[in-house]
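In the working numbering, the protein residues as written are 6 to 256.
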C-alpha cells in the first residue's frame, strides 16, 4: 500500500515543476542537445570510415574532438560571465548550426583535414554540458526562494533524465532514418546511401541546435536576473545567520 502513495508523492512534487517556464525551456534544450550528441555518436564510425575514409584514425580523431572541448571550457565560461549563460548557449548553438556543414569539406582519406575540422568543431562540445548545469542551479535557487523547499537534487535528476531520453530517442530515429534512405550498417552500401549518411550526420546537429537557439533565446534568466538572484540569496543567508546567532530570549 505504501508504493502507490510514494508514487503519488513523487508525481505531486514533479508535475507542478513543469509550470516553471525556465525549467521547461532548459529541459527541452537539454533533450535536443542529448539527441544531437547521441545522433552524432551513433553515426560517427560509419561517417569516419565510409565518408571521410579515415576509419583507422577514428578513435584518435574523436579524442582530439573532445580535447578541443575540454581546452575551450575556460573560454566559454569567460564569455558567459560577459554576455550571460543563456546567450552563450545560443551562441554555441548557432556555431553548430552554421559551422557543422564544414564537415562536407573533408576530402576523402585526408586525416589532417579531418583532424583540423574536428578540433575546430570540438571547441564547442563542452558548452551545453557545462552551462546547462549552471543554469539549472539558478532555476533551483529561484524555486527555493519562492517555495522554501530545497529540491536541487530533483532538478538535476530531471536534467539528467532529459539528456538520457534525448540520447535514447536519437538512436532509434537515426537508424530508422538511415534505413529509409537505404543505408545498411552491416553490409555494402551504394554511393547514394553513403551520401545520405553524410546528410543525416550534418542535419541532426544543425536542426537540433537551431531549435535550441530558438528555445533558449527567450530564456528569462539573464545577467540582470542572476544579479537579483544573488542579492536575494545574500539577504536570506544574512537573515539565517542573524537568527542562528540571536540569543533564545530575544524576539
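We treat Cβ as the ideally placed atom computed from N, Cα and C, and that holds for glycine.
Query: Which listed residue (101, 49, 223, 66) has its alpha carbon closest to that of residue 212; Result: 101
Query: Beta carbon of residue 63 nearer than 8 Å to that of residue 50; Result: yes
Query: Exposed unless 16 or more other CB atoms sit within 10 angstroms - verdict on residue 113; Result: exposed
Query: Burial state of residue 236, where buried means 16 or more other Cβ atoms lie within 10 Å; Result: exposed
Query: Spatial neighbours of residue 143 in its chain, beta-carbon cut-off 7 Å, leaving aside the 5 residues before and after; Result: 226, 231, 234
Query: Presumed contact (8 Å Cβ cut-off) between residue 81 and residue 135, rounded CB distance; Result: 7 Å
Query: Rounded separation between residue 221 and residue 145 - CA only; Result: 17 Å
Query: Any 3 or more C-beta pairs closer than 8 Å across the region 21–30 and the region 113–133; Result: no
Query: Integer-rounded CB distance, given that residue 128 should sit under 8 Å from residue 77; Result: 4 Å
Query: CA nearest to the CA of residue 57, picked from 244, 108, 164; Result: 108
Query: Residue 163 versus residue 31 - alpha carbon distance; Result: 10 Å
Query: Inter-stretch contact at 8 Å, needing at least 3 Cβ pairs: the region 37–48 / the region 166–179; Result: yes
Query: Length of the line joining the Cα atoms of residue 179 and residue 74; Result: 24 Å
Query: Alpha carbon of residue 139 to alpha carbon of residue 194, nearest angstrom; Result: 44 Å
Query: Cβ-based neighbour list, residue 218, same chain, cut-off 6 Å, excluding 5 preceding and 5 following; Result: 95, 98, 99
Query: Reference residue 209; option with closest CA among 72, 103, 29; Result: 103
Query: For residue 180, three-class secondary structure by DSSP; Result: helix
Query: Residue from 249, 192, 244, 33 whose Cα sits closest to the Cα of residue 137; Result: 33
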